[in-house]
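Numbering (the numbering used here), first residue to last: 1 to 116. Using N, Cα and C, we set each Cβ at its ideal position, and we do this for glycine too. Remember, predicted model here, so these are calculated numbers, not experimental data.
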């Protein structure tokens with residue numbers, strides 16, 4: 001089964017990191033990504049640009065409305081994701097717990113819907 005591992009982080013805290021801290025975090029993510037590629041769990045994944053680059057789209061009464069920024073104001077913002085193949089939820093949770101961002105943010109684990 002496929003699971004989407006959504007990585008949430010506090011952008012304000014992230015912006016306070018030193019260049020050395022950013023480099024160390026990037027290296028950790030590179031190591032993690034290589035490990036799940038090699039184990040066969042990796043399907044896709046990417047980091048996202050900051051929420052300041054986001055546009056929210058709604059259609060109301062046939063009209064497309066856009067708003068700059070994310071839909072909700074929260075302390076943590078969606079910063080990236082991994083799409084993984086895992087035999088069950090426990091395996092997906094174990095993969096999520098190894099994501100470096102789990103130490104300072106949160107990882108939402110969501111099964112991908114299967115259409116028949």
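Distance from the CA of residue 109 to the CA of residue 79, rounded to the nearest whole angstrom, comes to 14 Å. Taking a cut-off of 8 Å for Cβ pairs, the segment 85-92 and the segment 56-76 do not touch, as fewer than three such pairs fall below it. Rounded to the nearest whole angstrom, the C-alpha separation of residue 42 and residue 83 is 6 Å. If you compare the alpha carbons of 67, 63 and 48 with that of residue 56, the shortest gap goes to 67. Scanning 60, 100 and 69 for the CA closest to the CA of residue 54 turns up 69. Note on geometry: alpha-carbon atoms of residue 48 and residue 27 lie some 17 Å from one another. The DSSP assignment places complete beta strand (DSSP E) segments of no fewer than 3 residues inside the segment 11-52 at 42-47, in order along the chain. By the Cβ-count criterion, residue 9 is buried, with 16 or more other Cβ atoms from all chains shown falling within 10 Å of its own Cβ.
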